[in-house]
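Novice: One structure, as structure tokens, below. Some questions next.
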């Protein structure tokens, strides 16, 4: 063979000429006989595997099938996960071509062509000592001299695509830089104002043939899009469509309405933190409720609104001059001030040079803004205050939690109506036969139960990780779980590419992409210990035919099509089976309500239920929670017998315990009869005393602490890190120990002898030492 000839994988010529020849024949046959081309790809894979056995000097005559050889080399670490999947992809299609005379799919041949390139590059890099520059991958094209039927030509052109989502140019193997660049083109593309009459006004038809409208619309959800920039003075048409009413907005509108006829001055403080939606709210009101807000001067982040030479306090003095004690009586200014809570706290506690703000300080203090109490909105005299921190993006009820806000945002994106630009974009792409995994993932999210599962994961991340997830961050998260890193026509994706780019795996396998995805990855159902998951494992390992199993568990047609290529365990090797299994569990969790309920986190649900009881003041129902925490307290320190708690460490030669007089109290709880709470304290506050109701100590329990204490109840012994993480609980224990009766009676335990003694005072005040 002429080694100077350039052909597909010719760089393998000097280390495996047979494999190089098979690769060349595969490419030559691809257009005229796809089935034969696929068979050549399978022979190529087998030749490479045999060469690996020879190079590694492995004697394994019992490994006769391609499946066995791939499994052995992957288990022993000779081939890495991605390459193993490339071998599996070739093997699966090769089996179809060899056993099904009607199987002649040119799209399958195209997929295998790239998988062969990956294998060839890997084999060369591992087993060649030469230093030859490996050419970039090129999509195969029909040679001009060949007489290709028009229908085949059309099919190939559709596969290669003329749009941005599919490139026919050279690309580097295992490099995402070019794909990232493609994705950026969507984000940065300038949109023209051309509107075709056949397309509804909500969707501008200004893209070239082959470019995706859905990808363009989804890109607007990203942090990197122009739509992500919040400005209190601007409110775009897209933001207007995506707007969802929130409780804080309705409360602000109510305040504005009540102040509408007043002539005197009014200061409305919107208190919160960065990214909580203050700018969006103000822009919405200016655009849609101008009659309520046009008399007001708006200062959004006033600390940056004036001269750079002035500090934050000086700037605020200028803004709030009319509401100082010197001018407040004659002031007729109407001002809305969006302000960080920390800045407000500093302002009212600062000694100002020219003016005083005693009235404003008294108002803020009376609002309880900086107390543990809930402050959504508070009004007095000429002041109004709304606290973004006490308006949660989710609600709690006796059965758990929900989020009307996040659910409504998802409804805006995925509802199947003609007033939804995203849905219109999907339909336009379907007409143009544009189909990527982003389109597949979008269709899955049209399933209402799938959307609810995603919302529940977000709520759980907020509760467990204490995340603050704004509307903008939530929308960026949705873009992250729909748009894969590589945008290609699904016909050119292997079965494993499809799974890797599917929503369930983007949801749980992209933890490095954002704080939200990192938190969600820790809620992956594959990490749950459950009888239901164990049952799936058994069935996947024992059943010969997976088709019925897939249809039984998966409750959506879109992911069924992703998994249907895999029909039994015999068709998959180690890494591939693990990938299928993880995908199967994740898809089932997102689509199957019954399965999802079986693998739910009971401690999380119990916490939410008790959080609801404490916020509604259900005094009869909080008793059980008090009992749980008391049990955990005694087990944390150790207890020799009922009502006694150890004072010293287990490592000491003997243990000393005191009787602990711990009385719970619920006087701090307030009754709230609502079935669904949208304003509530996000942690559970317990109170105890030593018999004197005035001598109270409080314990604030969030979910991470509750989860730890629940483990302690079940026998877990906390370590040093646990004590560092639960420092508030450790400090609470120290305070509680002061309630004990150690001055009157002590119990001494000698572990070696397993004997107990008591030290106590008799009726005459003398100490008595007795054996128990």
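Numbering (the numbering used here), first residue to last: 1 to 772.
Backbone N, C-alpha and C define an ideal beta-carbon position, used for all residues, glycine too.
Since we're looking at a predicted model, the values are computed, not measured.
#1: Under 8 angstroms, Cβ to Cβ, is there at least one residue of chain B near residue 62?
#2: Return helix, strand or coil for residue 687, following the three-state DSSP convention.
#3: Comparing C-alpha positions only, which one of 414, 437 and 441 sits nearest to residue 448?
#4: Identify, in the order they occur along the chain, each residue of the same chain with its Cβ nearer than 8 angstroms to the Cβ of residue 469, setting aside the five sequence neighbours on each side.
#5: At 4 residues or longer, and completely inside the stretch 617 to 692: list those alpha helix (DSSP H) runs for me, N to C.
#6: Taking 8 angstroms as the cut-off, decide whether the C-beta atoms of residue 452 and residue 558 are in contact.
#7: With distance defined between alpha-carbon atoms, name the residue in 626, 642 and 760 nearest to residue 699.
#8: For residue 757, I'd like the list of residues in its chain whose CB is within less than 7 angstroms of its CB, leaving aside the five on either flank, ordered along the chain.
#9: When the Cα atoms are used, what is the spatial distance from residue 763 to residue 744?
#10: Reducing DSSP to helix, strand and coil, say where residue 387 ends up.
#11: How would you call residue 71, buried or exposed, if buried means at least 16 neighbouring beta carbons within 10 angstroms?
#12: So if DSSP puts residue 696 in a beta bridge, which residue, or which two residues, is it bridged to?
#13: On a CA-only basis, which of 634, 584 and 241 is nearest residue 561? Give me that one, please.
#14: Check whether the stretch 345 to 358 touches the stretch 311 to 318, counting contact only when three or more Cβ pairs, one atom from each stretch, lie closer than 8 angstroms.
#15: Going residue by residue through the stretch 271 to 296, where are the continuous beta strand (DSSP E) segments of at least 3 residues, counting only ones entirely within it?
#16: For the beta strand (DSSP E) holding residue 726, just list the boundary residues, first then last.
#17: Measuring alpha carbon to alpha carbon, tell me which of 489, 345 and 595 ends up nearest residue 526.
#18: Does the separation of the CB atoms of residue 384 and residue 255 fall below 8 angstroms?
#19: Under the DSSP definition of a beta bridge, which residues are partnered with residue 380?
#20: Using only CA atoms, which one of 659, 576 and 636 lies nearest to residue 713?
#21: Could you please give me the residues that DSSP links to residue 761 through a beta bridge?
#22: By DSSP, does residue 210 sit in helix, in strand, or in coil?
#23: Starting from residue 408, trace the alpha helix (DSSP H) both ways and give me its first and last residue.
#24: Taking just the CA atoms, how far does residue 346 sit from residue 294?
#25: For residue 695, I'd like the list of residues in its chain whose CB is within less than 7 angstroms of its CB, leaving aside the five on either flank, ordered along the chain.
#26: Entirely within the stretch 576 to 615 and at least 3 residues each: give me those beta strand (DSSP E) ranges in chain order.
#27: Should the stretch 401 to 416 be regarded as contacting the stretch 244 to 253, the criterion being three or more beta carbon pairs within less than 8 angstroms?
#28: By DSSP, does residue 42 sit in helix, in strand, or in coil?
#29: What is the C-beta distance between residue 388 and residue 360, in whole angstroms, given that I count them as a contact (C-beta under 8 angstroms)?
#30: Between residue 199 and residue 479, what straight-line distance do the alpha-carbon atoms span, to the nearest angstrom?
#31: What's the call for residue 166, buried or exposed, on a 16-neighbour Cβ count within 10 Å?
#32: Determine whether the beta carbon atoms of residue 702 and residue 683 lie at a separation below 8 angstroms.
#33: According to DSSP, residue 755 sits in a beta bridge with which residue or residues?
#34: Using 8 angstroms as the threshold, is the C-beta distance between residue 120 and residue 38 below it?
#35: In angstroms, rounded to a whole number, what distance separates the CA positions of residue 263 and residue 332?
#36: My guess is that residue 115 and residue 86 are in contact by the Cβ rule of under 8 angstroms, so how many angstroms apart are they, rounded?
Specialist: Walking through what the data contain:
#1: The structure shown contains no chain B, having only a single protein chain.
#2: DSSP places residue 687 in strand when its eight states are reduced to three.
#3: The candidate whose alpha carbon is nearest that of residue 448 is 414.
#4: Cβ within range, chain order: 393, 458, 461, 462, 477 and 516.
#5: As for any alpha helix (DSSP H) of minimum length 4 sitting wholly inside the stretch 617 to 692, the runs are 623 to 637, ordered along the chain.
#6: Cβ atoms of residue 452 and residue 558: not closer than 8 angstroms.
#7: Distance check between residue 699 and each of 626, 642 and 760 places 626 closest, using alpha-carbon atoms only.
#8: Taking C-beta separations shorter than 7 angstroms and ignoring five residues to either side along the sequence, the partners of residue 757 in its chain run 748, 769, 770, 771 and 772, following chain order.
#9: Cα atoms of residue 763 and residue 744: separation of roughly 11 angstroms, rounded to the nearest angstrom.
#10: The DSSP-derived three-state label of residue 387 is strand.
#11: Buried.
#12: In the DSSP secondary-structure assignment, residue 696 is bridged to 689.
#13: For the set 634, 584 and 241, the Cα lying nearest the Cα of residue 561 is the one of 584.
#14: With three or more CB-CB distances shorter than 8 angstroms, the stretch 345 to 358 counts as touching the stretch 311 to 318.
#15: Here no run is fully enclosed.
#16: Premise fails: residue 726 is in no beta strand (DSSP E) and is neither H nor E.
#17: Looking at the Cα atoms, 595 is the closest of the given residues.
#18: Contact: yes.
#19: Note: residue 380 sits in a beta bridge opposite 383.
#20: Taking the Cα of residue 713 as reference, the smallest distance to any Cα among 659, 576 and 636 is reached at 636.
#21: In DSSP, residue 761 forms a bridge with 767.
#22: Of the three classes helix, strand and coil, the one that applies to residue 210 here is coil, per DSSP.
#23: Run containing residue 408: 404 to 414, per the alpha helix (DSSP H) assignment.
#24: One C-alpha to the other measures close to 30 angstroms.
#25: Answer for residue 695: 689, listed in chain order.
#26: As far as the stretch 576 to 615 is concerned, it has no whole beta strand (DSSP E) run of at least 3 residues.
#27: Enough Cβ pairs lie closer than 8 angstroms, so yes.
#28: Looking at residue 42 - three-state DSSP - the assignment turns out to be helix.
#29: Between residue 360 and residue 388 the Cβ distance is about 19 angstroms, and since that is not below 8 angstroms, they are no contact.
#30: Here residue 199 scores only 43 on pLDDT, less than 50, and its place in the model is too uncertain to base an answer on.
#31: A caution first: residue 166 carries a pLDDT of 44, below 50, which makes its placement in the model unreliable, though a value can still be read off. So residue 166 ends up on the buried side.
#32: The answer is yes: Cβ separation under 8 angstroms.
#33: Answer is 750.
#34: In this structure, residue 120 keeps its C-beta atom at 8 angstroms or more from the C-beta atom of residue 38.
#35: Distance from the CA atom of residue 263 to the CA atom of residue 332, rounded to whole angstroms, is 7 angstroms.
#36: The Cβ separation is near 4 angstroms, so the contact holds.
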